[in-house]
Structures are given as C-alpha cells and as structure tokens.
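Just so you know, this note's numbering puts 100 at position 100 of the sequence shown, and the rest follows in order with no gaps. Glycine included, every Cβ here is placed at the ideal spot set by N, Cα and C. Treat the numbers as computed from the prediction; the structure is a model and nothing was measured.
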Amino acid sequence: MEAQNLKISELVSSIEARNLAKLEKKQKEFELQMEKIIAGATQLVSSVSRQLKGYIHNCKPDKKQIIKIEDFLDNPEVLLKKSDFFEGVIENVKKELDKIEPDEKKKKKFLSIEKTLKDSVKEIQRKHKEISNKIIENIAAIKKLKLKLTTKEFKKNLENLTEKKRQLEEEKKNIKTEGEGDAGDLLNELEKILSSISNKEIRINKK
Numbered sequence: 001m002e003a004q005n006l007k008i009s010e011l012v013s014s015i016e017a018r019n020l021a022k023l024e025k026k027q028k029e030f031e032l033q034m035e036k037i038i039a040g041a042t043q044l045v046s047s048v049s050r051q052l053k054g055y056i057h058n059c060k061p062d063k064k065q066i067i068k069i070e071d072f073l074d075n076p077e078v079l080l081k082k083s084d085f086f087e088g089v090i091e092n093v094k095k096e097l098d099k100i101e102p103d104e105k106k107k108k109k110f111l112s113i114e115k116t117l118k119d120s121v122k123e124i125q126r127k128h129k130e131i132s133n134k135i136i137e138n139i140a141a142i143k144k145l146k147l148k149l150t151t152k153e154f155k156k157n158l159e160n161l162t163e164k165k166r167q168l169e170e171e172k173k174n175i176k177t178e179g180e181g182d183a184g185d186l187l188n189e190l191e192k193i194l195s196s197i198s199n200k201e202i203r204i205n206k207k
C-alpha cells in the first residue's frame, strides 16, 4: 500500500504534472482570447446591423439572400469562417445607402466603417485561425500528458490491497479472540493471501 501511494505521489509531483498544469492554464488563456475574437465578430456585425436590416426591408433581396443575411445577424460567429457573401452584401448596401439609411449621421458612420470593414474581417479571421490551431495543439498535448500521468491503475491496486489488509486483520482478530480451528488451515489461508498480495509464492514456517 505504501508503494502504491508513493507511485501516486511521484506522479502528482512530477515534472510532467507541472507541465500539465501549465498547459491547462494556457488552455484557459486561449479560451479567453477566443471569446474576445468572437466578441469582435459580434461587434462588427452589430455595427452594420441597422443597415443590413434596412437592406432587407427596402431592397427586397431574394429569399436565399435574406436567410444568409439573417444568419449573420443571428450568428455573427459565421463571419469567422466565411465572409465573401457578407462583404458582397455590404457593397450592395453602400450602393443603395440613400434608399436604406435616411439618417445622415448614421449614413456617415456606416461609410466610415465600410472603408475598414474588409480589413477588420480578415484580421479577425486570421486571429481566429491562429488561436484555433493553438487550442487544437494544446488539447492534444494535454491528452498525451494525462495518459502518461494516469493514477487509475495504482488507485485500483490500492483498493485491492486495502481489502486484503482488512481480510488479514479479520483473520488475525479471529485467531486472537476465538483460539479455535486448525492452526495449519489458518496458516495455509494466510499463505494464499500473502502470495496474492506479493504476486509470488509465500511459505510460512509452520513448526
């Protein structure tokens, strides 16, 4: 039992365990970065949502276009992987802006956003791809280390040994309190238990 506990302690305090903790910390940092990227995509779509809705209402595009535009509005994360259609719609909005946006201030704001929108989309997509790759690599490294650091086998051995220890203590108690039964049979039983624990044949001197 001491040997199994020692192996568990060695694994828990090993260099690999420390490396695993670092990887898991890094994973959380990557996830926070990903949340910021998604928030950036949401903000980007939100900044032109008024004009996109106006485009649907005033320019009456076909049903397929409407579904795609609404998908961007409802799920801005779509922008992280595909943007050609989105950029095309923004171009159409720009052409029809006088019809879509009556508010001059909002019109000027849209035009200022539209100038940098394509570059902003590409930058968000670049960051998304970069962090996605890092997350995939990091998860693979974590899984590999976890397999190496598993204590499941040692804990199972410890449970078995604990049960065998309990059995031995029960036998010892019976011998002391009852003083009955054939001593040879008890010693034979003890030999079996000890042999099972040590994985080798144990013989007790019965003289």
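Rounded to whole angstroms, what's the CA-CA distance from D98 to E29? Just pull it up for me. By one-based count along the sequence shown, residue 98 stands at place 98. By one-based count along the sequence shown, residue 29 stands at place 29. Separation of D98 and E29 (C-alpha to C-alpha, rounded to the nearest whole angstrom) is 44 Å.
Would you check if the stretch 42–50 and the stretch 73–87 touch, i.e. whether three or more CB-CB distances between them fall below 8 Å? yes
Which of the three DSSP states, helix, strand or coil, is assigned to P61? Position 61 of the sequence shown holds residue 61. Coil.
Reduced DSSP secondary structure (H/G/I, E/B, other) of V48: The count along the sequence shown starts at 1 and reaches residue 48 at position 48. In the three-state DSSP reduction, V48 falls in the coil class, being neither helix nor strand.
For E201 versus S195, is the C-beta spacing smaller than 8 Å? For the purposes of this step, residue 201 is taken as residue 201 along the sequence shown, with counting starting at 1. For the purposes of this step, residue 195 is taken as residue 195 along the sequence shown, with counting starting at 1. Their beta carbons are under 8 Å apart, which means E201 touches S195 by this criterion.
Determine the closest residue to S83 out of L117, I56, S47, Q33, with distance taken between C-alpha atoms. Walking along the sequence shown from the start, residue 83 turns up at place 83. Ranking L117, I56, S47, Q33 by Cα distance to S83 puts L117 first.
By how many angstroms is the C-alpha of L20 removed from the C-alpha of K101? Taking the first residue of the sequence shown as position 1, residue 101 is located at position 101. Taking the first residue of the sequence shown as position 1, residue 20 is located at position 20. Residue identity check: residue 101 is Glu in the sequence provided, not Lys. Each residue's alpha carbon lies about 54 Å from the other.
Anticipated Cβ contact below 8 Å, E70 with V121, distance rounded: Indexing the sequence shown from 1 puts residue 70 at position 70. Indexing the sequence shown from 1 puts residue 121 at position 121. E70 to V121, Cβ: 18 Å. No contact.
Can you give the Cα-Cα distance for T162 and L168, rounded to whole angstroms? The residue labelled residue 162 in the question sits at position 162 within the sequence shown. The residue labelled residue 168 in the question sits at position 168 within the sequence shown. Approximately 10 Å, taken between the alpha carbons.
Identity of the residue in E191, I142, D103 nearest Q237 by Cα: Here the chain comprises residues numbered 1 to 207, so residue 237 is not present and cannot be evaluated.
Residues near K134 by beta carbon distance below 7 Å, same chain, minus five either side: Here residue 134 refers to the residue found at position 134 of the sequence shown. Answer for K134: F30, listed in chain order.
Classify I37: buried if its beta carbon has 16 or more other beta carbons within 10 angstroms, exposed otherwise. Indexing the sequence shown from 1 puts residue 37 at position 37. I37 should be labelled buried.
According to DSSP, simplified to helix, strand and coil, what is S83? For the purposes of this step, residue 83 is taken as residue 83 along the sequence shown, with counting starting at 1. Of the three classes helix, strand and coil, the one that applies to S83 here is coil, per DSSP.
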